[in-house]
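Notes follow once the structure below has been shown.
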């Protein structure tokens with residue numbers, strides 16, 4: 007079985023992956039999670055969406071959010087919304103997300119990723135002060151998209 011370092015980084019296919027998620031990137035990897043990294047692995051579905059602390063309108067697309075998180079070592083792969091964001095959580099832009107935004111599948115996206123106090127923190131280049139965070143709250147995953155919205159997700163697998 008290959009080590010996490012032997013598996014090439016994956017990227018969003020041109021135009022996004024469509025309606026069906028691609029095969030898992032780290033499926034055959036046997037490396038354990040790095041020390042002091044929480045286990046976010048699984049398929050997650052949104053069950054609550056808040057904007058400014060209030061329940062978001064049902065028409066907001068994020069209510070249909072489904073994401074798969076893979077992990078090995080300090081590597082994290084998040085597949086959702088047509089994009090595949092593959093990163094090492096080492097705090098560098100070089101090893102972070104070097105892909106495209108889900109908004110249009112064209113705009114370049116460069117993000118440094120770190121784990122800080124059991125929270126995965128993503129910091130996009132050029133957007134100082136903006137942070138996207140994920141952490142566990144009991145059996146749920148919380149996804150905080152800066153000041154825009156906060157999503158509570160339940161694990162399906």
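In this note's numbering, the protein residues as written are 7 to 163.
Built from N, CA and C at the ideal position, the CB exists for glycine as well.
Quick caveat, the model's predicted, so the values are computed rather than measured.
> Per DSSP, which one or two residues make a beta bridge with residue 121?
Replying inline: Residue 121 pairs with 126.
> Is the stretch 16 to 27 close to the stretch 80 to 93, with three or more CB pairs under 8 Å?
Replying inline: Touching, per the Cβ criterion.
> Rounded to the nearest angstrom, how far is the Cβ of residue 104 from that of residue 94, given a contact under 8 Å?
Replying inline: Rounded to the nearest angstrom, the Cβ distance from residue 104 to residue 94 is 11 Å, too far for a contact under 8 Å.
>> Taking 7 Å as the threshold (C-beta atoms), are residue 125 and residue 141 in contact?
In response: Closer than 7 Å, so yes.
> When you compare only the Cα positions, how much space is there between residue 116 and residue 132?
Replying inline: If you take the alpha carbons of residue 116 and residue 132, they lie about 9 Å apart.
> Rounded to whole angstroms, how far is the Cβ of residue 50 from the Cβ of residue 159, which I believe are closer than 8 Å?
Replying inline: With 8 Å as the limit, residue 50 and residue 159 qualify as a contact, their Cβ atoms being about 4 Å apart.
> Going by DSSP, what residues sit across from residue 4 in a beta bridge?
Replying inline: The structure shown does not extend to residue 4, since the chain is modelled only from 7 through 163, so no value can be given for it.
> Hey, how far is the Cα of residue 60 from the Cα of residue 155?
Replying inline: Looking at the backbone, the Cα of residue 60 and that of residue 155 are separated by about 10 Å.
>> Please list the terminal residues of the continuous beta strand (DSSP E) segment that includes residue 103.
In response: 103 to 106 is the extent of the beta strand (DSSP E) around residue 103.
> Should residue 53 go down as buried or exposed, given a rule of 16 or more other Cβ atoms within 10 Å for buried?
Replying inline: With fewer than 16 other Cβ atoms inside 10 Å of its own Cβ, residue 53 counts as exposed.
>> Just list the residues that DSSP pairs residue 89 with in beta bridges.
In response: Residue pairing for residue 89: DSSP places it in a beta bridge opposite 86.
>> If contacts are defined as beta-carbon pairs under 8 Å, then residue 47 and residue 76 qualify, I think. What distance do you get, rounded to the angstrom?
In response: That belief holds up - the Cβ atoms of residue 47 and residue 76 are roughly 6 Å apart, short of 8 Å.
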